[in-house]
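Data first, discussion second: the structure below is written as structure tokens.
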Amino acid sequence: MTTVLATYNIKGGVGKTSTAVNLAYLAAQDGHRVLLWDLDPQAAATYLFRVKPKVHGGADGLMHRRFGVTNLVKATDHERLDLLPADFSYRHLDLTLDGFKRPTRRLAKVLKPLRGDYDFIFLDCPPSISLVSESVFEAADALLVPVIPATLSSRTFAQLAELAAGDQDGRIGTRIFAFFSMVQVSKELHRTVMARLRSMHSVTMLGAAIPSSDDVEAMGEERDPVSIFAPDSIAAMSYKALWMDIQKRLSRPGLERPGAPA
Amino acid sequence: METRHYLLPSVEALESAEGLRLERVIQHSGDAVLYDTFDGKLWDAGALLMHALGELRVVGSELRAPFSQAPDAISAADLPSGPLKARLEPLLGVRSALAQVRISGNAANYKLLDELDKTIARVEVQDAAVGSADLGVRAHVWPLRGYEEETDALFAGRFQACSEGIYAEAMAAVGRDPHGIRSKVRVGLSGHEWADGGVARVLRALWDVIDANREGTLEDTDIEFLHDYRVCVRKSRAVLKELRGVFTPAARAHWRAEFRWLQQVTGATRDLDVYLEDFDELAGLVPAQDRAALEPLRTVLANRRVAAREAMVTELRSRRAVALGHEWPLYLARLTEEPVAERPDASAKIDTVAFTRIRKLYSKMVKMGQAIMEGEPHTPAEDYHELRKQGKELRYLVELFGEPLGDAEIVKPMVRTLKGLQDVLGRHQDREVQGAFVRELVDDVAAVEGSAPALLAMGSLIGALERDEVAARAEFGAAFTRFSSEEQRTLVKEAFGK
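Chains A and B, in that order, give the protein sequences. Counting from 3, one number per residue, gives the positions in the first sequence under this note's numbering. Counting from 14, one number per residue, gives the positions in the second sequence under this note's numbering.
So, in structure tokens, the structure goes:
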């Protein structure tokens, strides 16, 4: 069975892409067949895997399933890890989706033929709240949300809690796993905010956190997951811990969304 | 991913080719040993295993693991944990990967890069020999998914493509078929040939598989050798039994007795192989808290297997077995010269003889099945067993003669339905036999100190087996209805109505 995981945050620059790339790599290293779909027109994940940011037929062809999504997949340099690349035309993905009768179901439909080929599909989402993100929520089994422990993150948290509360029926849907990203433990503010947010129970906060690190920044230069060029670094260890934490959570059944009527 | 093969004038010709951005990953001289299962599972899955430079790797991938020596056989349990094991374990199952051929020479592995330094293909070049046979210089190219066209465009026209890679050539140099040897024997037959000639060729092909599996059976290389050995013995017996008219009565009686004996002397070991292999599944039939208590039963089964194997090896090395192995191929070679007067089907066409028998067997099974249905719920288990035996014979005849001589489009659905019936009958029979066998082992287990919990768990297991036997019996009706349906009868008539 395929598990679809999406890295998501309304804000940019919080570590979504580095999380998607590192976790997808670790999943493949565990022996799973993994696909990463780079939905962000900035194509950062595509760049990190050295793949050309080009999809035959663009966003329109992909969403209308003109060319067969399986033919658009590119192998990365890593065993069992494939990429569905970004394309500049993804910047109009909202418009393309809007042309469909049930736009939020479209992404899941496009992914359907790939489900048999992969154990995990990672969606690296652009930072926004839009039809694209709503489609991602519909397609994903769980959202992985990096949160920087700074003042404004309380706001992010509130939005997440709202998202996690789900529809009025309180049905179990996409699960949300938030985790701290770009953490600077030397900063008093980060420590205070982390302690405060961890005490809130409206959103599942994972134990593992990703530090602010030169090694993560170096991914752009090395164009590889951290575990390859700095396997003993704190960043690499943190991604491993995060991946283990996520797997553990996924193996448990989903809970009722908080705030759902009894 | 399909492998591309190219003949190269030299290794330098590749490295110096303009426009090819190659990054050398590894280069080595010396010996490499190729491994595959006896039945070519790794080759067919595109995951041939190679040992070189103190490591194992899957050819055409980056899966590798340290492994100091190159032994004769490697089982899944021998492989170090990691992605290489994860890839090979499901392919190997209970089989061992056996050293197939030793290649000597020079080899180098490269990444083919595009202008973004992205790997688009993996390339391996071998300048090699097997013994004194020079295999030349060849490149194997594995394009990565999504980069097939780019890779082909870079190689096409530059180097001469060839259909086989160096590994197939190396296998051929030592007389091995890379697809291995399987119990599913397929002999090309023509409806125009005489029955005795066709039957002799099929029996000879079956014997070749039996003979090829003999050493692995004697050495206990893995349990599939004995399994395949016995499957082909059983198929040979089915041909001898069902196509009686191509043999003289005396010869047929003699060879049927010999093959029955072969089947008997190998039976106990195979049964114990299956019990041990399926032990966890059998244990799964009892409540979770009782499973651990069954361990003494596993020990008793393992001890019995040692004794059974010793007896089997003695028999398979006996004068009788050696004589059988010598005389049977000689007999088959001169079968067509045996007196025709005593062989009513000798001068008939192979398809006429085989198809007539298939039709009759099918009708017989339908009658037997109807009798079983009418006799329920008091039909003896033996009747189900007899029907299963007939089903096996029908299946073998269809596989050996029906498929090569008939219309595959019609034969295949018929075989599927037959298989559905056989699965139900097989489960019914297995549970019956397993229950009886576990009862038989009670005394052995009782002799083990502290075996009281094991005996209680065995009681629970016997109960579960009986329940599952009843459940299988309940499923018989539906499977038999499909097998004997009007549609199925029409299929049989269409396929074998000649």
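Where a beta carbon is used, it is the ideal one built from N, C-alpha and C, also for glycine.
- Message: A61/A and S91/A - do their beta-carbons sit closer together than 9 Å?
- Response: With respect to A61/A, S91/A sits close: the two C-beta atoms are nearer than 9 Å.
- Item | Chain-ordered residues of the stretch 123 to 146 of chain B with a beta carbon less than 7 Å from chain A | So the close ones are L129, D130, K131 and T132.
- Task: My understanding is that G193/B touches G106/B, with C-beta atoms under 8 Å, so please give their C-beta distance in whole angstroms.
- Result: Not really, about 14 Å apart at Cβ, beyond 8 Å.
- Message: What does DSSP give as the partner residue(s) for A110/B in the beta ladder?
- Response: Answer is I87/B.
- Rounded to whole angstroms, what's the CA-CA distance from L125/B to I179/B? Just pull it up for me. One alpha carbon belongs to L125/B, the other to I179/B, and they sit about 20 Å apart.
- Task: May I ask you to list the residues that DSSP assigns as paired with I39/B?
- Result: DSSP, once it has assigned bridges, lists N122/B as partnering I39/B.
- Task: Could you check what DSSP says for H34/A in three-state terms: helix, strand or coil?
- Result: Under the three-state reduction of DSSP, H34/A is assigned to coil, being neither helix nor strand.
- Item | M3/A classed as buried or exposed, judged by whether at least 16 other C-beta atoms fall within 10 angstroms | Around the beta carbon of M3/A, fewer than 16 other beta carbons lie within 10 angstroms, which makes this residue exposed.
- Task: Give the residues of chain B in contact with D84/A, contact being defined as C-beta atoms less than 7 Å apart.
- Result: R158, listed in chain order.
- Contact set for F292/B: own chain, Cβ-Cβ below 6 Å, skip 5 residues either direction: Result list for F292/B: R311, in chain order.
- Query: Can you tell which of P79/B, R108/B and V136/B has the C-alpha that lies nearest to the C-alpha of L97/B?
  - Reply: Of P79/B, R108/B and V136/B, the residue nearest in Cα terms is P79/B.
- Task: State the Cα-Cα distance for the pair T50/B and R440/B, rounded to the nearest angstrom.
- Result: Going by C-alpha positions, T50/B is about 28 Å away from R440/B.
- Query: How big is the Cα-Cα spacing for K248/B and D303/B?
  - Reply: Linking K248/B to D303/B through their CA atoms gives a straight-line distance of about 40 Å.
- Is there a Cβ from chain A that is less than 9 Å from the Cβ of R37/B? In terms of beta-carbon proximity, R37/B stays away from the interface with chain A, with every pair separated by 9 Å or more.
- Message: Strictly below 7 Å CB to CB, what residues from chain B border R52/A?
- Response: Listed along chain B are L129, D130 and K131, each with a C-beta nearer than 7 Å to that of R52/A.
- Message: Which residues in chain A have a C-beta closer than 7 Å to the C-beta of L76/B? List them in chain order.
- Response: Taking the beta carbon of L76/B as reference, the chain A residues within 7 Å of it are E81, listed in sequence order.
- Query: Apart from the five residues on each side of it in sequence, which residues of its chain come closer than 7 Å, Cβ to Cβ, to V222/B?
  - Reply: For V222/B, where only same-chain residues beyond five positions count, the Cβ hits under 7 Å are I194, S196, V198, D241 and C245.
- Query: For G404/B, which of R322/B, E255/B, L55/B and T164/B has the nearest alpha-carbon?
  - Reply: Residue E255/B is the option with its Cα nearest to G404/B.
- Could you work out which residues of chain A lie near A264/B, taking near to mean beta carbons separated by less than 9 Å? Residues of chain A whose Cβ lies closer than 9 Å to the Cβ of A264/B do not exist, since the nearest Cβ in that chain is about 53 Å away.
- Query: So with Cβ pairs under 9 Å, would you call P96/B a contact of chain A?
  - Reply: Interface residue, yes.
- Query: Using CA coordinates, which residue listed in C127/A, R82/A, V228/A and T72/A is at the minimum distance from S214/A?
  - Reply: Answer by Cα proximity: V228/A.
- Message: DSSP has E68/B in a bridge; who is on the other side?
- Response: E68/B is bridged by DSSP to A65/B and P79/B.
- Does the beta carbon of L74/A come closer than 9 Å to any beta carbon on chain B? Yes, contact with chain B.
- Query: Looking at the C-beta of A77/A, does it have a partner C-beta in chain B at a distance below 9 Å?
  - Reply: A Cβ of chain B is located within less than 9 Å of the beta carbon of A77/A.
- For the alpha helix (DSSP H) that D224/B lies in, which residues bound it at each end? Judged by DSSP secondary structure, D224/B falls within the alpha helix (DSSP H) whose first and last residues are A208 to A225.
- Item | Short Cβ contact (9 Å threshold) for L239/B with R283/B | The answer is yes: Cβ separation under 9 Å.
- Message: With a threshold of 6 Å on Cβ separation, who are the neighbours of G118/B within its own chain once the five nearest residues in sequence on each side are excluded?
- Response: The answer, listed in chain order, is D140, A141 and A142.
- Query: E137/B by DSSP, collapsed to three states: which one?
  - Reply: Three-state DSSP puts E137/B in a strand.
- Message: Please return the same chain residues whose Cβ sits closer than 7 Å to the Cβ of W155/B, not counting the five positions on each side in sequence.
- Response: Excluding the 5 residues flanking it on each side, W155/B has same chain C-beta neighbours closer than 7 Å at M14, T16, G73, A134 and R135, in chain order.
- With burial defined as no fewer than 16 other Cβ atoms inside 10 Å of the residue's Cβ, what is the status of N226/B: buried or exposed? It counts as buried.
- Query: F69/A by DSSP, collapsed to three states: which one?
  - Reply: Coil at F69/A, not helix or strand.
- Message: Pop quiz: V71/A and V112/A are said to be a contact at Cβ under 8 Å. What is the actual Cβ separation, rounded to whole angstroms?
- Response: Right, their Cβ atoms sit about 6 Å apart.
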